[in-house]
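Notes follow the structure.
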Amino acid sequence: MRRITTVGAGETRQLTDLLQNLLVSELLAPSSRLWVLSPWISDIVVIDNASGQFKSVLPALPARPIRLTEVLIELARRGSDVRVIMRDEPRNAVTGQRLTDLAPVGPRPTLLIRNTLHDKGMVSDRFHVHGSMNFTFFGQRVNQEGVTVVSDPDQIARAWVEYQNRYQLP
1 MRRITTVGAG ETRQLTDLLQ NLLVSELLAP SSRLWVLSPW ISDIVVIDNA SGQFKSVLPA
61 LPARPIRLTE VLIELARRGS DVRVIMRDEP RNAVTGQRLT DLAPVGPRPT LLIRNTLHDK
121 GMVSDRFHVH GSMNFTFFGQ RVNQEGVTVV SDPDQIARAW VEYQNRYQLP
């Protein structure tokens with residue numbers, strides 16, 4: 001288990017690097033499922049591919065920063081059951097639209113609207129990230145946040161059971 005606390009004084013490399021490392025590891029060996037829970041969500045940059053160092057992981061994408069929606073769509077294409085659980089809020093519309101528009105054919109993430117959602121996190125077969133951070137620019141780079149990363153299989157299994165009970169498909 002690892003805890004990251006940001007102080008709200010601008011970008012923290014720890015949090016940015018954490019998201020990048022977890023998502024690149026998912027692209028290399030996709031989990032059977034990956035869920036993102038965020039009441040407010042933006043299409044934030046999650047992989048710094050500006051110099052093309054991740055070309056072998058994302059061959060179809062140019063050397064530029066890679067956004068959350070692009071990674072989630074690619075994971076769905078690679079066989080992960082990707083679900084994004086969010087509120088029906090105007091500020092979430094762009095991200096929801098991109099997940100739909102950028103993946104018009106083939107597997108794509110499932111969007112679930114839960115207007116009482118307050119959980120924030122990301123869970124896969126290998127990790128559970130949870131805490132106070134929404135997946136937004138302010139959550140990633142501005143606000144004071146506390147995020148915990150868990151890799152213990154028992155704790156991940158418990159998170160899956162809890163999330164499935166709360167957020168199963170209608």
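Heads up: the sequence shown begins at 1 in UniProt numbering, then just goes up one per residue.
Even for Gly, the Cβ is constructed at its ideal location relative to N, Cα and C.
Identity of the residues DSSP links to residue i by a beta bridge
i: Val84; result: Val36, Leu111
i: Arg166; result: According to DSSP, which records beta bridges pairwise, Arg166 is partnered with nothing at all.
i: Val149; result: Arg2, Val129
DSSP three-state assignment for residue i, whether helix, strand or coil
i: Phe135; result: strand
i: Val129; result: strand
i: Arg98; result: helix
i: Arg77; result: helix
i: Val7; result: coil
i: Ile41; result: strand
i: Val57; result: coil
i: Arg64; result: coil
i: Val71; result: helix
i: Val24; result: helix
i: Val123; result: strand
Candidates the options, of which the one nearest residue i by Cα
i: Arg141; options: Ser32, Ile44, Ala29, Trp40; result: Ile44
i: Arg91; options: Val123, Trp40, Arg67; result: Trp40
i: Ser38; options: Arg166, Pro107, Lys120; result: Lys120
i: Arg157; options: Arg126, Phe135, Asn115, Ile73; result: Checking the sequence, you will find Ala at residue 157 rather than Arg. It is Arg126.
i: Pro30; options: Phe135, Pro65, Gly79; result: Gly79
i: Thr69; options: Gly139, Arg83, Ala50; result: Arg83
i: Pro153; options: Arg67, Met133, His128, Leu18; result: His128
i: Gln168; options: Thr100, Gln53, Leu117, Gly139; result: Leu117
i: Leu23; options: Lys55, Gln14, Leu72, Gly106; result: Leu72
i: Asp48; options: Val36, Gly131, Leu18; result: Leu18
Close Cβ partners of residue i (< 7 Å) along its chain, the five nearest in sequence each way excluded
i: Glu26; result: Leu34, Leu75, Ser124
i: Ala60; result: none
Distance between residue j and residue i (C-alpha atoms, nearest Å)
i: Arg108; j: Val94; result: 16 Å
i: Ile113; j: Met86; result: 5 Å
i: Glu162; j: Ala63; result: 38 Å
i: Ser51; j: Phe137; result: 22 Å
i: Leu58; j: Asp88; result: 30 Å
i: Arg3; j: Thr110; result: 29 Å
i: Gln53; j: Asp81; result: 26 Å
i: Arg166; j: Arg67; result: 27 Å
i: Ser151; j: Val46; result: 20 Å
Residues near residue i in its chain [Cβ-Cβ closer than 8 Å; skip 5 each side]
i: Thr100; result: Arg108, Leu111
6 Å CB neighbourhood of residue i in its chain, flanking five on each side removed
i: Ala159; result: Val123, His128
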